[in-house]
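The structure appears below as structure tokens.
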Amino acid sequence: MGKAKILVVDDELIMRESLAGWLERDGHQVDKAASGEEALKLLENTKYDILLLDIKMEGMSGLEVLKKVRVSDPEVAVVMITAYGSVSTAIEAMKNGAFDYLMKPFDPNELGLLIDKIIDRQERDRENLFLREEYRERTRFESMLGQSRLMQEVFRLIEDIATTDSTVLITGETGTGKGLAAKAIHSKSPRHAGPFVAVNCGAFPEHLLESELFGYEKGAFTDAKTSKKGRLELAHGGTLFLDEIGEISMRMQIDLLRVLEDRVFYRVGGTRPIEADFRVIAATNKDLSQAIRDRTFRQDLFYRLNVISIVMPPLRDRKEDIPILAEHFLRRFRQETNKDIDKISREAMDEMMLYEWPGNVRELENAIERAVVVAKGRTILPEHLPIFAPEHRTVPKGKSLREIEKAHILAVLEETNWNIKKSADTLEIDRSTLYSKIKRYGIHRPD
Ligand SMILES: Nc1ncnc2c1ncn2[C@@H]1O[C@H](COP(=O)(O)OP(=O)(O)OP(=O)(O)O)[C@@H](O)[C@H]1O
Ligand SMILES: [Mg+2]
209 MGKAKILVVD
219 DELIMRESLA
229 GWLERDGHQV
239 DKAASGEEAL
249 KLLENTKYDI
259 LLLDIKMEGM
269 SGLEVLKKVR
279 VSDPEVAVVM
289 ITAYGSVSTA
299 IEAMKNGAFD
309 YLMKPFDPNE
319 LGLLIDKIID
329 RQERDRENLF
339 LREEYRERTR
349 FESMLGQSRL
359 MQEVFRLIED
369 IATTDSTVLI
379 TGETGTGKGL
389 AAKAIHSKSP
399 RHAGPFVAVN
409 CGAFPEHLLE
419 SELFGYEKGA
429 FTDAKTSKKG
439 RLELAHGGTL
449 FLDEIGEISM
459 RMQIDLLRVL
469 EDRVFYRVGG
479 TRPIEADFRV
489 IAATNKDLSQ
499 AIRDRTFRQD
509 LFYRLNVISI
519 VMPPLRDRKE
529 DIPILAEHFL
539 RRFRQETNKD
549 IDKISREAMD
559 EMMLYEWPGN
569 VRELENAIER
579 AVVVAKGRTI
589 LPEHLPIFAP
599 EHRTVPKGKS
609 LREIEKAHIL
619 AVLEETNWNI
629 KKSADTLEID
639 RSTLYSKIKR
649 YGIHRPD
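In terms of our numbering, the sequence shown is residues 209 to 655.
Structural data, given as structure tokens:
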């Protein structure tokens with residue numbers, strides 16, 4: 209059986225000492241407090257597993273202490289100690305989140321059994337949380353696919369930097385997998401058993417982002433009825449993911465810079481400096497160099513964040529990843545919808561290979577999801593893809609001549625309803641040349 213860190217709170221010296229003595233004899237680490245006030249002070253700086261709390265004390269009652277502790281430190285298990293005759297208060301305490309209560313007088317064995325039960329429960333909770341997290345993290349990284357040289361480089365970089373504790377800045381267009389990369393770094397890092405706490409900086413107005421990040425003390429503002437830990441504190445021991453960092457205000461940039469430099473911060477309305485140990489990963493689809501030139505992003509913060517940088521390549525620069533990604537999403541949505549679809553037609557795949565994917569992997573994911581929903585047979589055809597709609601049929605820009613030519617030939621063939629002569633005339637090439645190009649590019653007439 210594991211050992212616990214326990215705080216004994218009783219204003220009666222004899223009771224306090226004998227409780228502490230029994231617990232120490234069982235190998236636990238014990239601190240003592242003679243009043244509720246003293247207990248709260250100790251709780252501010254030390255993390256206890258168990259709190260033994262006398263209900264009836266001079267000054268602050270055990271019940272009051274319990275209520276405060278439930279807010280400030282929800283994980284600690286509280287056992288109330290009550291005298292015969294005050295069972296109703298003990299029940300009141302249970303309603304307020306106490307783990308259990310002991311009635312005086314009790315024998316040391318009873319106490320020992322209860323402590324063991326709590327330790328067992330806490331160990332199991334922690335284990336479950338760990339297993340759940342670990343499973344999620346593992347499947348996450350494995351579900352990040354890419355066979356292109358560009359993605360292989362990204363994977364190698366992720367493996368390398370995961371072992372360091374440096375701050376990372378991930379940039380890239382929307383939907384390129386920045387969020388996924390951040391989680392992959394965390395799950396490969398020595399901090400993987402710790403929390404991965406993400407904050408979407410673009411999703412909050414300034415004052416809300418502040419209390420979201422730093423937390424707040426009770427009474428810091430009108431709605432602050434209780435105090436609350438911020439994401440920085442919650443990320444202790446793990447990774448803090450600052451998503452859409454390009455969206456934060458100039459004032460928040462200063463606050464954040466200070467935290468990154470000193471690793472110490474204050475809750476909103478608080479005076480107690482808080483230290484938390486977390487690794488920072490930030491991401492943005494903004495061009496931060498431009499933002500620095502525009503004076504909307506601080507250069508010093510940029511340097512703080514950009515210790516290591518990862519650039520997620522757009523999907524159009526790694527089209528060889530499209531087939532495996534498409535198959536992967538097909539498998540996933542087939543499972544989710546229970547539909548009997550297991551193929552992507554050659555033509556549909558050609559379409560996808562030609563398309564530019566401005567929304568990157570997320571857009572591909574959505575396209576496959578939609579196709580699975582609208583398809584009738586076992587095969588995904590071009591007409592099931594939203595990109596087949598005429599408004600999306602633009603000639604790809606900035607791509608290889610080969611791709612532009614293929615797309616153009618396909619467009620002309622469709623325009624003429626696959627009349628080879630008309631198509632050849634429009635393209636101003638002869639029919640045999642058109643045939644050989646159709647063959648070379650693997651262009652197929654949709655059934
Ligand atoms: N390499 C990949 N393998 C499998 N799925 C991927 C890959 N890259 C991205 N995805 C999927 O595409 C979607 C978008 O990825 P993610 O949210 O990480 O992108 P992002 O760059 O953070 O986008 P945004 O800038 O819009 O926040 C997610 O559903 C993600 O699971
Ligand atoms: Mg994202």
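We treat Cβ as the ideally placed atom computed from N, Cα and C, and that holds for glycine.
Bear in mind that the values here come from a model prediction, so they are computed numbers and not experimental data.
Mapping DSSP to helix, strand and coil, what is G423? Here residue 423 refers to the residue found at position 215 of the sequence shown. Here G423 sits in strand by DSSP.
Tell me the rounded alpha-carbon separation between D262 and M268. In the sequence shown, the residue the question calls residue 262 occupies position 54. In the sequence shown, the residue the question calls residue 268 occupies position 60. So the alpha carbons of these two residues sit roughly 11 Å apart.
Tell me whether the stretch 446 to 453 and the stretch 487 to 503 touch, counting them as touching only if at least three CB pairs, one residue from each stretch, are closer than 8 Å. yes
Per DSSP, the bridge partner or partners of D451: If you number the sequence shown from 1, residue 451 lands on position 243. Answer by DSSP bridge pairing, in chain order: N408.
In the stretch 348 to 384, which residue ranges form an unbroken beta strand (DSSP E) of at least 3 residues, counting only runs that do not cross its ends? 376 to 379
For ligand 1, any of its heavy atoms closer than 8 Å to the Cβ of A389? As a position in the sequence shown, residue 389 is number 181, starting the count at 1. A389: yes, Cβ under 8 Å from ligand 1.
Closest Cα partner of T545 within the set P403, M561, V580: Within the sequence shown, the letter at position 337 stands for residue 545. Of the listed residues, the one whose Cα sits closest to T545 is V580.
Please work out which residues of its chain come closer than 6 Å, Cβ to Cβ, to V279, disregarding the five sequence neighbours upstream and downstream, and give them in chain order. Stepping through the sequence shown from its first residue, residue 279 is reached at position 71. Around V279: T434.
Measuring only the C-alpha atoms, how far is G650 from A370? Mapped onto the sequence shown, residue 650 falls at position 442. Mapped onto the sequence shown, residue 370 falls at position 162. Roughly 42 Å separates the two Cα atoms.
Mapping the DSSP letters down to three states, classify T624 as helix, strand or coil. For this step, residue 624 is matched to residue 416 along the sequence shown. In the structure shown, T624 sits in coil (DSSP, three-state: anything other than H, G, I, E or B).
Note down the Cα distance separating R348 from S356, rounded to an integer number of angstroms. Start at 1 with the first residue of the sequence shown, and residue 348 comes out as number 140. Start at 1 with the first residue of the sequence shown, and residue 356 comes out as number 148. Note that R348 scores 44 on pLDDT, short of 50, meaning its location in the model is unreliable and no value can be drawn from it.
Flag this pair as yes or no: are the beta carbons of G383 and R526 separated by less than 9 Å? Reading the sequence shown from its first residue, position 175 is the one you call residue 383. Reading the sequence shown from its first residue, position 318 is the one you call residue 526. No. Outside cutoff.
Take F404 as the anchor and find which of K386, A411, R224, I393 has the nearest alpha-carbon. Locating residue 404 in the sequence shown gives position 196, counting from the first residue. Of K386, A411, R224, I393, the residue nearest in Cα terms is I393.
Would V362 and A389 be called neighbours here (beta carbons separated by less than 9 Å)? The count along the sequence shown starts at 1 and reaches residue 362 at position 154. The count along the sequence shown starts at 1 and reaches residue 389 at position 181. Cβ distance < 9 Å, so V362 and A389 count as in contact.
Using CA coordinates, which residue listed in I482, H444, L440, L416 is at the minimum distance from A432? Here the question's residue 432 lines up with position 224 in the sequence shown. Cα-wise, what sits closest to A432 is L416.
Take Y511 as the anchor and find which of R334, E571, Q461, E455 has the nearest alpha-carbon. Here residue 511 refers to the residue found at position 303 when the sequence shown is read from its first residue. Closest option to Y511, Cα to Cα, is Q461.
Please classify W626 as buried or exposed, where buried requires at least 16 other C-beta atoms within 10 Å of its C-beta. Taking the sequence shown and counting its residues from 1, one reaches residue 626 at position 418. Per the 10 Å Cβ criterion, exposed.
Span of the alpha helix (DSSP H), counted from its first residue to its last, around L440: Looking up residue 440 in the sequence shown gives position 232. L440 -> alpha helix (DSSP H) spans 439 to 442.
Which term fits D508, buried or exposed, when burial requires 16 or more other beta carbons within 10 angstroms of its beta carbon? Position 300 of the sequence shown, counting from 1, holds the residue named residue 508. It counts as exposed.
With a threshold of 8 Å (Cβ to nearest heavy atom), would K386 be considered close to ligand 2? Taking the first residue of the sequence shown as 1, we reach residue 386 at position 178. Yes, the beta carbon of K386 sits closer than 8 Å to at least one heavy atom of ligand 2.
Looking at C-alpha atoms only, which residue of M561, L321, S419 is the closest neighbour of R610? Here residue 610 refers to the residue found at position 402 when the sequence shown is read from its first residue. Nearest option by C-alpha distance: M561.
Status (buried if at least 16 other CB within 10 Å, exposed otherwise) for S296: One-based indexing of the sequence shown puts residue 296 at position 88. When all chains shown are included, S296 counts as exposed.
Taking I482 and E441 to be in contact with their CB atoms under 8 Å, please state how far apart those CB atoms are, rounded to whole angstroms. Counted from its first residue, the sequence shown places residue 482 at position 274. Counted from its first residue, the sequence shown places residue 441 at position 233. Indeed, because the Cβ distance is near 6 Å, the residues count as touching under 8 Å.
Exposed or buried, F314, counting other C-beta atoms within 10 Å across all chains shown (16 or more means buried)? Working through the sequence shown from its first residue, we reach residue 314 at position 106. Looking at its Cβ environment, which holds fewer than 16 other Cβ atoms inside 10 Å, F314 is exposed.
Check this for me: beta carbons of S374 and V515, under 9 Å apart or not? For this step, residue 374 is matched to residue 166 along the sequence shown. For this step, residue 515 is matched to residue 307 along the sequence shown. Contact flag set, yes.
Skipping 5 residues on each side, what residues in its chain have a beta carbon closer than 8 Å to that of K275? Along the sequence shown, one-based indexing puts residue 275 at 67. Cβ neighbours of K275 beyond the five flanking positions: N304.
Can you tell me which of the three DSSP states L642 falls into? Here residue 642 refers to the residue found at position 434 of the sequence shown. If DSSP states are grouped into helix, strand and coil, L642 belongs with the helices.
Got a sec: does ligand 2 put a non-hydrogen atom nearer than 8 Å to the Cβ of A411? Locating residue 411 in the sequence shown gives position 203, where the first residue counts as 1. Every heavy atom of ligand 2 is 8 Å or more from the Cβ of A411, so no.
If you reduce the DSSP assignment to three classes, tell me which class Y474 lands in. The residue given as residue 474 occupies position 266 in the sequence shown. Coil.
Excluding the 5 residues preceding and the 5 following G320 in the sequence, name in chain order all residues of the same chain whose CB lies nearer than 8 Å to its CB. To locate residue 320, count along the sequence shown from 1; it is residue 112. Once the five neighbours on either side are set aside, the close Cβ partners of G320 are W230, D234.
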